[in-house]
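Protein chains: 2
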Amino acid sequence: MATKVFIVDDHYMVVEGIRSLLQNEKGIEWTGHAMNAASCLAFLQRQQPDIILMDINLPDKSGIDLCREVKEKYPSVFIIGLSTFNQQSFIQKMMDSGASGYVLKNATQEELMEAISVVIKGKIYFSDEASQVLTKADVNPILLTRREKEVLELIAEGLTNNEIAQKLFVSPTTIDTHRKNLLAKFGVRNTASLIRDATKLQFI
Amino acid sequence: MATKVFIVDDHYMVVEGIRSLLQNEKGIEWTGHAMNAASCLAFLQRQQPDIILMDINLPDKSGIDLCREVKEKYPSVFIIGLSTFNQQSFIQKMMDSGASGYVLKNATQEELMEAISVVIKGKIYFSDEASQVLTKADVNPILLTRREKEVLELIAEGLTNNEIAQKLFVSPTTIDTHRKNLLAKFGVRNTASLIRDATKLQFI
DNA sequence: CGGTTTATCCTGTTTTTAAGGGATTGCCGC
DNA sequence: GCGGCAATCCCTTAAAAACAGGATAAACCG
Numbered sequence: 001m002a003t004k005v006f007i008v009d010d011h012y013m014v015v016e017g018i019r020s021l022l023q024n025e026k027g028i029e030w031t032g033h034a035m036n037a038a039s040c041l042a043f044l045q046r047q048q049p050d051i052i053l054m055d056i057n058l059p060d061k062s063g064i065d066l067c068r069e070v071k072e073k074y075p076s077v078f079i080i081g082l083s084t085f086n087q088q089s090f091i092q093k094m095m096d097s098g099a100s101g102y103v104l105k106n107a108t109q110e111e112l113m114e115a116i117s118v119v120i121k122g123k124i125y126f127s128d129e130a131s132q133v134l135t136k137a138d139v140n141p142i143l144l145t146r147r148e149k150e151v152l153e154l155i156a157e158g159l160t161n162n163e164i165a166q167k168l169f170v171s172p173t174t175i176d177t178h179r180k181n182l183l184a185k186f187g188v189r190n191t192a193s194l195i196r197d198a199t200k201l202q203f204i
Numbered sequence: 205m206a207t208k209v210f211i212v213d214d215h216y217m218v219v220e221g222i223r224s225l226l227q228n229e230k231g232i233e234w235t236g237h238a239m240n241a242a243s244c245l246a247f248l249q250r251q252q253p254d255i256i257l258m259d260i261n262l263p264d265k266s267g268i269d270l271c272r273e274v275k276e277k278y279p280s281v282f283i284i285g286l287s288t289f290n291q292q293s294f295i296q297k298m299m300d301s302g303a304s305g306y307v308l309k310n311a312t313q314e315e316l317m318e319a320i321s322v323v324i325k326g327k328i329y330f331s332d333e334a335s336q337v338l339t340k341a342d343v344n345p346i347l348l349t350r351r352e353k354e355v356l357e358l359i360a361e362g363l364t365n366n367e368i369a370q371k372l373f374v375s376p377t378t379i380d381t382h383r384k385n386l387l388a389k390f391g392v393r394n395t396a397s398l399i400r401d402a403t404k405l406q407f408i
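Here it is in structure tokens:
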């Protein structure tokens with residue numbers, strides 16, 4: 001029985017590229033594509049593919065959220081993340097949300113086919129580059145607590161410690177401590193480079 | 205005579221997508237593709253296509269730089285920018301570097317064909333979305349002076365006013381004024397949101 | 001030429017952060 | 001039950017940045 005594959009990606013050229021890569025494969029049945037999260041969910045109500053290739057950047061919702069939602073409603077559908085970015089936190093979040101694999105958009109036909117065949121067996125697949133990124137990331141991961149992330153975002157919004165404290169119903173000194181810890185975790189000296197690094201590492 | 209088209213993009217799936225979109229078009233001759241700037245330049249030494257579809261994000265060099273270089277050496281080759289981002293400054297820089305058009309990767313086959321046929325005549329083509337972005341950007345452009353950009357980058361590096369002043373051989377109060385002007389131009393209250401907005405708008 | 005922009009510099013005051021030092025509570029896993 | 005971590009809170013001092021309201025010389029441009 002052929003493996004039913006569905007694509008969610010807002011870039012027409014990528015959809016065409018994948019279709020062209022898969023069209024001559026015998027074990028693959030192309031069931032269609034969606035350009036956004038909403039039409040993906042609508043499609044799933046009618047029929048479920050075996051595998052969804054899912055972009056991380058969608059116009060209406062992040063692929064990470066869509067991934068979680070799909071896995072909740074249809075646990076038997078396997079999801080392979082698809083992205084141009086080989087960014088540690090993205091890959092990690094995608095896997096945390098229930099994805100079974102991750103492939104970069106510069107993958108070859110062979111890699112894509114291998115990913116599909118591995119994932120359909122219930123195993124996990126990483127593209128070489130993605131796993132390189134992950135292992136590199138493990139050497140020096142910046143792990144923030146929920147509260148720290150919250151504070152970090154409010155700092156980026158331009159709020160002062162006092163304003164953040166009011167918003168979160170805590171003392172300004174608490175925010176000061178969180179700030180202190182954020183600077184330490186990122187290994188920077190001040191807010192400017194904190195925000196810059198946090199942005200580059202996709203925390204904001 | 206068929207229009208010779210060449211692609212520069214490091215994402216295999218996108219290359220495949222474009223190839224598949226163009227392969228049945230009679231007026232188009234696919235002359236090949238490159239995954240990076242270096243092999244693009246190597247190809248051009250042997251033969252010149254009529255049109256290059258060029259990604260903005262390449263592994264070894266930015267598409268903007270490659271665009272400039274190609275136009276210097278081979279002025280008769282038309283270049284169409286290709287990107288997932290519809291980011292004002294990217295589009296602007298690409299056009300400033302000699303590109304004749306700009307197409308987003310979610311373009312349809314029709315759009316792509318229209319872009320090629322318009323550009324080959326020596327005219328300029330913008331995809332609908334790209335031109336929307338440009339006109340929107342014109343309403344509220346943030347124009348920084350050379351000095352302001354310089355200071356902005358040093359702020360993002362985490363330097364204090366005094367350190368920046370030393371580095372640029374000016375008074376700390378001068379840096380303070382530049383900072384004041386940067387905050388005003390971005391319409392923000394402090395460094396944190398300055399860096400955040402500057403990053404989002406690709407100034408850093 | 002004359003206006004505009006750019007870059008430079010100044011004197012203040014007030015607010016906000018950074019950097020040190022601690023302390024307490026509650027929760028989780030071993 | 002104990003160690004570790006997360007989250008909370010406090011103090012002090014010095015540095016840095018924001019805010020206000022200026023001025024001047026040079027370069028750029030129509």
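Top to bottom, those sequences are chains A and B.
The first sequence: position 106 = 106 (this note's numbering), numbered continuously.
To convert a position in the second sequence, counted from 1, into this note's numbering, add 204.
Every residue gets a Cβ at the ideal spot worked out from N, C-alpha and C, and that includes glycine.
I think residue i touches residue j, with their Cβ atoms under 8 angstroms apart; what is that distance to the nearest whole Å?
i, j, result
"lysine 4/A", "aspartate 50/A", "5 angstroms"
"isoleucine 204/A", "arginine 400/B", "7 angstroms"
"alanine 99/A", "serine 127/A", "About 13 angstroms separates the two Cβ atoms, so there is no contact after all."
"valine 77/A", "glutamine 48/A", "6 angstroms"
"glycine 305/B", "tyrosine 329/B", "4 angstroms"
What residues match up with residue i in a beta bridge as DSSP calls it?
i, result
"asparagine 261/B", "Ser266/B"
"phenylalanine 126/A", "Tyr102/A"
"alanine 238/B", "Val212/B"
"leucine 286/B", "Asp259/B and Val307/B"
"glutamate 29/A", "Lys4/A"
Should residue i and residue j be called a contact, given that it needs their Cβ atoms to be closer than 9 angstroms?
i, j, result
"lysine 105/A", "methionine 299/B", "no"
"alanine 156/A", "alanine 396/B", "yes"
"glutamate 357/B", "leucine 386/B", "no"
"glycine 17/A", "glycine 236/B", "no"
"threonine 403/B", "threonine 173/A", "no"
Quick one: what's got a C-beta closer than 8 angstroms to residue i's C-beta in the same chain, skipping five residues either side?
i, result
"valine 139/A", "Legend: pLDDT at valine 139/A = 47, less than 50; position of this residue unreliable, no value from coordinates given."
"aspartate 269/B", "Ala241 and Ser301"
"alanine 206/B", "Lys230, Gly231, Ile232 and Glu233"
"tyrosine 375/B", "The sequence given here places serine at residue 375/B; tyrosine does not occur at that position. For serine 375/B, where only same-chain residues beyond five positions count, the Cβ hits under 8 angstroms are Ala369."
"lysine 93/A", "Ile64"
Apart from the five residues on each side of it in sequence, which residues of its chain come closer than 7 angstroms, Cβ to Cβ, to residue i?
i, result
"serine 214/B", "Rather than serine, the amino acid found at residue 214/B in this sequence is aspartate. Excluding sequence neighbours, aspartate 214/B sits near Met239, Asn240, Asp259, Leu262 and Pro263."
"phenylalanine 90/A", "Ile56, Ser83 and Gln202"
"glutamate 112/A", "The residue asked about is misnamed: residue 112/A is leucine in this sequence, not glutamate. Same-chain partners within the cutoff: Leu21 and Val103."
"lysine 61/A", "Ala37"
"leucine 398/B", "Leu386, Leu387, Phe390 and Val392"
"cysteine 271/B", "Met258, Ile283, Met298, Ser301, Gly302 and Ala303"
Tell me which same chain residues have a C-beta within less than 6 angstroms of the C-beta of residue i, skipping the five on either side of it?
i, result
"lysine 277/B", "none"
"isoleucine 346/B", "Lys389"
"cysteine 244/B", "Val212 and Ala238"
"threonine 145/A", "none"
"asparagine 366/B", "Pro376"
Across the region 222–240 of chain B and the region 180–199 of chain A, are there enough close Cβ pairs to call them in contact, namely three or more that are closer than 8 angstroms?
no
Quick check: the region 257–265 of chain B against the region 277–285 of chain B, are there 3 or more CB pairs under 8 angstroms?
yes
Whether or not the region 113–120 of chain A and the region 169–185 of chain A are in contact is what I'm after, with contact meaning three or more pairs of Cβ atoms, one per stretch, closer than 8 angstroms; do they touch?
no
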